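One structure below.
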Amino acid sequence: MPFGFISFLPSKSPFGCFSVISTLKHLRFIVLQRTRLHKKSESYLRNFSVTSLKQRISMGASQDTASLKNFKIALCQILSSDDKSANIMKALKAIEEAAKRGAELVVLPECFNSPYDNAAFPIYAEEIPEPGAPISEKYKTCFALSEAARKNHIYLVGGSLPERAGSNLYNCSPVFSPEGELLAKHRKIHLFDVDVPGGIRFFESDTLSPGNRITVVKTELGNIGVAICYDIRFPELSLAMAREGACILCLPAAFNMTTGPAHWELLMRSRALDNQMYVAACGPARNESASYQAWGHSMLASPWGDIVVSTEFQEDLLIAEVKKELVEKTRVSIPLSKQRRYDLYELQYSLKSI
Numbered sequence: 037m038p039f040g041f042i043s044f045l046p047s048k049s050p051f052g053c054f055s056v057i058s059t060l061k062h063l064r065f066i067v068l069q070r071t072r073l074h075k076k077s078e079s080y081l082r083n084f085s086v087t088s089l090k091q092r093i094s095m096g097a098s099q100d101t102a103s104l105k106n107f108k109i110a111l112c113q114i115l116s117s118d119d120k121s122a123n124i125m126k127a128l129k130a131i132e133e134a135a136k137r138g139a140e141l142v143v144l145p146e147c148f149n150s151p152y153d154n155a156a157f158p159i160y161a162e163e164i165p166e167p168g169a170p171i172s173e174k175y176k177t178c179f180a181l182s183e184a185a186r187k188n189h190i191y192l193v194g195g196s197l198p199e200r201a202g203s204n205l206y207n208c209s210p211v212f213s214p215e216g217e218l219l220a221k222h223r224k225i226h227l228f229d230v231d232v233p234g235g236i237r238f239f240e241s242d243t244l245s246p247g248n249r250i251t252v253v254k255t256e257l258g259n260i261g262v263a264i265c266y267d268i269r270f271p272e273l274s275l276a277m278a279r280e281g282a283c284i285l286c287l288p289a290a291f292n293m294t295t296g297p298a299h300w301e302l303l304m305r306s307r308a309l310d311n312q313m314y315v316a317a318c319g320p321a322r323n324e325s326a327s328y329q330a331w332g333h334s335m336l337a338s339p340w341g342d343i344v345v346s347t348e349f350q351e352d353l354l355i356a357e358v359k360k361e362l363v364e365k366t367r368v369s370i371p372l373s374k375q376r377r378y379d380l381y382e383l384q385y386s387l388k389s390i
């Protein structure tokens, strides 16, 4: 399928082009050399008009917040075991409770239906249908999640699960509508291949293949970006999502006892602050008998970089409000999208709808 080429330039805006927006392959910064930088900077800054915050908000927020609504989000920090059916039932109960408490968007943890282990991925892997296709009981986990989204009338970011597609395995996050339709599936782009001396050694690439699409889902609540765990470490990815209209990034993620204490909160707040969006990070509760010890600590970070709500490592259900006004005020008060120096750098990527 052919795909268009989009550049991040001030005069171009690709927002709202697709219900599900994905990007492929080329994600890179191009540094443009310029002379007499100091003079150009002074000229650039002089061009900004000074108006009150109230005036600027009344003139209308940027196009990417137009579809955003106020809503409640739920992060289901549940404990996973080696019993897939029990894991699914636990997720369904958490979804039902979240809906009873008013959540319109529910997020599950990474690998919620299986152990997080290279040996387990091939055993627990399931096929996941393409977005928009019928979901039968053949797709055990996705069928259960689809029914849960429909019965509770919520949007659902179904954590992630090992996906089998031909000879490949992926770490995949399915996204469902309140009607139970599969809107998108995000395959983890950046595989967790690390070797921290005295800490952790894990190579997802031993069993998993990387995805090649960046996912932003257009919903009635607003545009939702979806990434998985290690994806959050790459700021270009969340910037691309923000440029495609995302006002919230949902991140099923299972950080560990090495990276969690050091980087979890820092990364979530940084990506929220960088892109002036909400970041909803949902981790699994810690299973102290498992070979992989999850950090837990699910949290929602605001566009201002604050922690809206968070928890520790035990099972928990977090409910919080996503507020359109806060996104708008943050982006108008500190207008990063208008102040980026596109004469010096630009982010380019290829655009393709699923």
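Each residue of the sequence shown is one higher than the one before, starting from 37 at the first, in the numbering used here.
Idealized CB from N, CA, C, for every residue including glycine.
Source: prediction; values computed, not measured.
Notebook entry, point to check: Excluding five sequence neighbours on each side, which residues of the same chain lie with their C-beta closer than 8 Å to the C-beta of residue 56?
Noted result: Here the model assigns residue 56 a pLDDT of 46, short of 50, so the residue's position is not dependable and the matter cannot be decided.
Item checked: Selected residue, minimal CA-CA separation from residue 247, among 360, 117, 263 -> The residue with the shortest Cα to Cα distance from residue 247 is 263.
Note to self: Would you call the stretch 319–332 in contact with the stretch 356–366, where contact means no fewer than 3 C-beta pairs closer than 8 Å?
What the structure shows: Put simply, the stretch 319–332 does not touch the stretch 356–366. Fewer than three CB pairs are less than 8 Å apart.
Check: What residues are listed by DSSP as bridge partners for residue 216?
Finding: Looking at the DSSP assignment, residue 216 forms no beta bridge with any residue, so it has no partner.
Check: How would you call residue 232, buried or exposed, if buried means at least 16 neighbouring beta carbons within 10 angstroms?
Finding: Exposed: under 16 other Cβ atoms inside 10 Å.
Item checked: Under 7 Å between C-beta atoms of residue 139 and residue 355 -> Yes. Within cutoff.
Checklist line | Supposed contact pair residue 158 and residue 178 - C-beta distance, whole angstroms, cut 8 Å | finding: In fact, because the Cβ distance is near 18 Å, the residues do not count as touching under 8 Å.
Checklist line | Pairwise C-alpha distance: residue 346 and residue 352 | finding: Between residue 352 and residue 346, the C-alpha separation is close to 10 Å.
Margin query: Between the alpha carbons of residue 380 and residue 185, how many angstroms are there, rounded?
Written below: Residue 380 and residue 185: Cα-Cα distance of roughly 45 Å.
Notebook entry, point to check: Are residue 307 and residue 268 touching if we call contact CB-CB under 7 Å?
Noted result: Going by C-beta atoms, residue 307 is nearer than 7 Å to residue 268.
Check: Exposed or buried, what is residue 146 when buried is set at 16 or more other beta-carbons lying within 10 Å of its beta-carbon?
Finding: Looking at its Cβ environment, which holds 16 or more other Cβ atoms inside 10 Å, residue 146 is buried.
Next item on the list: Name the one or two DSSP bridge partners that residue 111 has.
Entry: 143, 354, per the DSSP bridge assignment.
Check: Grouping DSSP H, G and I as helix and E and B as strand, with all else coil, what is residue 381?
Finding: Three-state result, residue 381: strand.
Item checked: Close beta carbons around residue 162, own chain, < 8 Å, minus the five adjacent residues each side -> 175, 176, 177, 178, 197, 198, 199, 200.
Next item on the list: Give me the Cβ distance between residue 181 and residue 210, rounded to the nearest whole Å; I'm assuming they're in contact under 8 Å.
Entry: That belief holds up - the Cβ atoms of residue 181 and residue 210 are roughly 7 Å apart, short of 8 Å.
Next item on the list: Using the Cα positions of residue 143 and residue 128, report the straight-line distance between them to the nearest angstrom.
Entry: Distance between the alpha carbons of residue 143 and residue 128: 12 Å.
Check: With which residues is residue 318 paired in a DSSP beta bridge?
Finding: The partner list for residue 318 (beta bridge, DSSP) reads 288.
Next item on the list: With a cut-off of 8 Å on the beta carbons, I'd call residue 292 and residue 330 a contact; round off their distance for me.
Entry: The beta-carbon separation of residue 292 and residue 330, rounded to 7 Å, stays under the 8 Å limit for a contact.
Check: How would you label residue 107, buried or exposed, when you count the other beta carbons within 10 angstroms and need 16 or more for buried?
Finding: Burial state of residue 107 is buried, judged by a 10 Å Cβ sphere holding 16 or more other Cβ atoms.
Item checked: Residue span of the beta strand (DSSP E) that contains residue 370, given as start and end -> No beta strand (DSSP E) contains residue 370, which DSSP labels as neither H nor E.
Notebook entry, point to check: Mind checking residue 125: buried by the 16 CB within 10 Å criterion, or exposed?
Noted result: Residue 125 counts as exposed, since fewer than 16 other beta carbons sit within 10 angstroms of its beta carbon.
Next item on the list: In the DSSP assignment, find the unbroken alpha helix (DSSP H) run with residue 101 in it and report its ends.
Entry: Premise fails: residue 101 is in no alpha helix (DSSP H) and is neither H nor E.
Checklist line | Cβ neighbour criterion (16 or more within 10 Å) applied to residue 367 | finding: So residue 367 counts as buried.
Next item on the list: Please go through the stretch 220–267 and give each complete beta strand (DSSP E) segment of 3 or more residues, from N-terminal end onward.
Entry: Complete beta strand (DSSP E) runs here, min 3: 229–231, 237–239, 251–254, 259–262.
Next item on the list: Just the C-alpha distance for residue 192 and residue 103, rounded to the nearest angstrom, thanks.
Entry: Taking the straight line joining both Cα atoms gives about 18 Å.
Check: So the beta strand (DSSP E) residue 346 belongs to, where does it begin and stop?
Finding: The continuous beta strand (DSSP E) containing residue 346 extends over residues 343–346.
Next item on the list: Using three-state DSSP, classify residue 207 as helix, strand or coil.
Entry: In the structure shown, residue 207 sits in a strand (DSSP, three-state: E or B).
Check: When DSSP builds the beta bridges, which residues end up paired with residue 162?
Finding: Under DSSP, residue 162 shares a beta bridge with 199.
Checklist line | Bounding residues of the beta strand (DSSP E) (the contiguous stretch that carries residue 337) | finding: Residue 337 -> beta strand (DSSP E) spans 335–337.
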